[in-house]
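**Q** Structure provided below as structure tokens; questions to follow.
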Amino acid sequence: MSEQASDQASDKDSEALVPEEESITMTREVLEQDLIRRHFERAHPEVALQSQQQLQDSIRHMLETAPAEASEIDGVYLFAYGSLIWNPCVEVAERHTCRLYGFHRDFCLKLDHGRGTPQTPGLMLALAPGGSCHGVAIRVPAAHLERELMLVWRREMLTGAYRPKWVKLRTDVGALWGIAFVINPHHERYIGRQPNETVVHLLRTGRGVLGSCREYLDNTVGDLHSLGIRDRRLEWLQRAVGD
Numbered sequence: 032m033s034e035q036a037s038d039q040a041s042d043k044d045s046e047a048l049v050p051e052e053e054s055i056t057m058t059r060e061v062l063e064q065d066l067i068r069r070h071f072e073r074a075h076p077e078v079a080l081q082s083q084q085q086l087q088d089s090i091r092h093m094l095e096t097a098p099a100e101a102s103e104i105d106g107v108y109l110f111a112y113g114s115l116i117w118n119p120c121v122e123v124a125e126r127h128t129c130r131l132y133g134f135h136r137d138f139c140l141k142l143d144h145g146r147g148t149p150q151t152p153g154l155m156l157a158l159a160p161g162g163s164c165h166g167v168a169i170r171v172p173a174a175h176l177e178r179e180l181m182l183v184w185r186r187e188m189l190t191g192a193y194r195p196k197w198v199k200l201r202t203d204v205g206a207l208w209g210i211a212f213v214i215n216p217h218h219e220r221y222i223g224r225q226p227n228e229t230v231v232h233l234l235r236t237g238r239g240v241l242g243s244c245r246e247y248l249d250n251t252v253g254d255l256h257s258l259g260i261r262d263r264r265l266e267w268l269q270r271a272v273g274d
């Protein structure tokens, strides 16, 4: 069997491991009903989750410690570098392409759930220290701000793999302060930079209740292209995963 045929067979096998009734599409409604938490509690009771109170405390801490310039904004800017670009699931009043210095986008978070399973693990993007990263500053308006941020925290902060951090974003309208979700280097799923062969394999075969890693990669590259943003490593990975 050729390598391509073998990969196709592996993809079909991984699809069979996830029953249709167990699939979850990341939508606003799913986050409002906290269905990701309910899925974890049912399917992965061993995974430690942040409580609703812990998420609320984290949001309030971030708002209370906002830089003075950020406090003057109508709402809060979030730094979108992956799925928040193409599927924010919250009210967005304004968008600006931007660059964040001090962090780079990397597939360094291993998934055994979400877009992976223990049998078909995947990889997720995170912001790792060093370099820089192009993305989008999205402004969540002040109206119902904590409600909207709770939806973001439920998807980004539920397992503690990320940490919220105030960062300065260089945008097309000048410098803006926003919140970025950066990697928690002490989290058990953080695996650092992996060999290209490992990354390509996990992106090619990783699949879980939230969909496939290949779909995530394609959506991210596609939306970055539509915004005139080029990420050469992601583009290379997309070609390699598709071969």
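In the numbering used here, the protein residues as written are 32 to 274.
A virtual CB, placed ideally from N, CA and C, is assigned to each residue, including glycine.
Does Q150 get closer than 8 Å to chain D when you measure Cβ to Cβ?
**A** Among the chains of the structure shown, chain D does not appear; only one protein chain is present.
**Q** Hey, quick one: how far does the beta strand (DSSP E) through R59 stretch, first residue to last?
**A** Position 28 of the sequence shown, counted from the start, is the residue given in the question as residue 59. First-last for R59: R59 to E63, but that is the alpha helix (DSSP H), not the beta strand (DSSP E).
**Q** May I have the straight-line CA-CA distance separating V121 from R146, to the nearest angstrom?
**A** Locating residue 121 in the sequence shown gives position 90, where the first residue counts as 1. Locating residue 146 in the sequence shown gives position 115, where the first residue counts as 1. Going from the Cα of V121 to the Cα of R146 covers about 21 Å.
**Q** Looking at the structure shown, is A124 part of a helix, part of a strand, or coil, going by DSSP?
**A** As a first step, residue 124 is located in the sequence shown; it is residue number 93 there, counting from the start. Here A124 sits in coil by DSSP.
**Q** Could you name each continuous beta strand (DSSP E) segment of 3 residues or more that falls completely within the segment 149–216, going from the start of the chain to the end?
**A** Counting whole runs of 3 or more residues, the segment 149–216 contains the beta strand (DSSP E) stretches 153–171, 193–202 and 205–214.
**Q** Can you list, in chain order, the residues of its chain with a C-beta nearer than 7 Å to that of G242? Leave out the 5 residues immediately preceding and following it.
**A** The count along the sequence shown starts at 1 and reaches residue 242 at position 211. Hits under 7 Å: R146.
**Q** Closest by CA to T148, which one among R264, R263, Q269 and L234?
**A** For the purposes of this step, residue 148 is taken as residue 117 along the sequence shown, with counting starting at 1. It is L234 whose Cα lies nearest to the Cα of T148.
**Q** Given H75, which residues of its chain have a CB within under 7 Å of its CB, disregarding the five upstream and five downstream residues?
**A** Mapped onto the sequence shown, residue 75 falls at position 44. Taken in chain order, the residues that qualify are H144.
**Q** Mark V272 as exposed unless 16 or more other C-beta atoms lie within 10 angstroms of its C-beta, in which case mark it buried.
**A** In the sequence shown, the residue the question calls residue 272 occupies position 241. Under this definition V272 is a buried residue.
**Q** Does the Cβ of P98 have 16 or more other Cβ atoms within 10 Å, making it buried, or fewer, making it exposed?
**A** Here the question's residue 98 lines up with position 67 in the sequence shown. When all chains shown are included, P98 counts as exposed.
**Q** Quick one: using the 10 Å Cβ neighbour count with 16 as the cut-off for buried, is V204 buried or exposed?
**A** Start at 1 with the first residue of the sequence shown, and residue 204 comes out as number 173. V204 is exposed by the Cβ-count criterion.
**Q** With the cut-off set at 8 Å, would you say R136 and V167 are in Cβ contact?
**A** Numbered from 1 along the sequence shown, position 105 holds the residue referred to as residue 136. Numbered from 1 along the sequence shown, position 136 holds the residue referred to as residue 167. Their beta carbons are not under 8 Å apart, which means R136 does not touch V167 by this criterion.
**Q** In whole angstroms, give me the CA-to-CA distance for Y112 and H165.
**A** By one-based count along the sequence shown, residue 112 stands at place 81. By one-based count along the sequence shown, residue 165 stands at place 134. Going from the Cα of Y112 to the Cα of H165 covers about 7 Å.
**Q** Identify, in the order they occur along the chain, each residue of the same chain with its Cβ nearer than 7 Å to the Cβ of V61, setting aside the five sequence neighbours on each side.
**A** Position 30 of the sequence shown, counted from the start, is the residue given in the question as residue 61. Within the same chain, V61 has close Cβ partners I55 and I67.
**Q** As a quick exercise: from C129, P160 and Y221, pick the residue whose alpha carbon is nearest that of I169.
**A** Counting from one through the sequence shown, the residue named residue 169 turns up at place 138. Here the closest residue by C-alpha is C129.
**Q** Short check: CB of G153 to CB of R270, under 8 Å?
**A** Here residue 153 refers to the residue found at position 122 of the sequence shown. Here residue 270 refers to the residue found at position 239 of the sequence shown. Cβ distance not < 8 Å, so G153 and R270 don't count as in contact.
**Q** Mark S132 as exposed unless 16 or more other C-beta atoms lie within 10 angstroms of its C-beta, in which case mark it buried.
**A** As a working note, residue 132 is residue 101 in the sequence shown. The sequence shown places Tyr at residue 132, rather than the Ser named in the question. Exposed: under 16 other Cβ atoms inside 10 Å.
**Q** Who are the Cβ neighbours of L207 in its own chain at under 6 Å, not counting the five residues just before and after it?
**A** Within the sequence shown, numbered from 1, the residue matching residue 207 stands at position 176. Only Y108, A168 and L200 meet the Cβ criterion.
**Q** CA-CA distance, G259 and L268?
**A** Residue numbering aside, residue 259 sits at position 228 when the sequence shown is read from its first letter. Residue numbering aside, residue 268 sits at position 237 when the sequence shown is read from its first letter. In a straight line, the C-alpha of G259 is about 18 Å away from that of L268.
**Q** What's the C-alpha gap between E228 and Y221?
**A** The residue labelled residue 228 in the question sits at position 197 within the sequence shown. The residue labelled residue 221 in the question sits at position 190 within the sequence shown. For E228 and Y221, the distance between alpha carbons rounds to 18 Å.
**Q** Taking the continuous alpha helix (DSSP H) assigned at Y247, which residues delimit it?
**A** Here residue 247 corresponds to residue number 216 of the sequence shown, with the count starting at 1. Residues C244 to S257.
**Q** Let me know the secondary structure DSSP gives V107 once reduced to three states.
**A** As a position in the sequence shown, residue 107 is number 76, starting the count at 1. V107 falls in the strand class under three-state DSSP.
**Q** Please list, in chain order, all residues of the same chain as G162 whose beta carbon is under 6 Å from its beta carbon, the five residues on each side excluded.
**A** Your numbering for residue 162 matches position 131 in the sequence shown. These residues qualify, in order along the chain: H135.
**Q** Would you give the residue range spanned by the alpha helix (DSSP H) that E100 belongs to?
**A** Position 69 of the sequence shown, counting from 1, holds the residue named residue 100. Run containing E100: A99 to S102, per the alpha helix (DSSP H) assignment.
**Q** Taking N215 and Y247 to be in contact with their CB atoms under 8 Å, please state how far apart those CB atoms are, rounded to whole angstroms.
**A** Your numbering for residue 215 matches position 184 in the sequence shown. Your numbering for residue 247 matches position 216 in the sequence shown. Actually they do not touch by this definition, with Cβ atoms about 20 Å apart.
**Q** Following the continuous alpha helix (DSSP H) through H92, name the residue where it begins and the one where it ends.
**A** Taking the sequence shown and counting its residues from 1, one reaches residue 92 at position 61. Per DSSP, H92 belongs to the alpha helix (DSSP H) from Q83 to E95.
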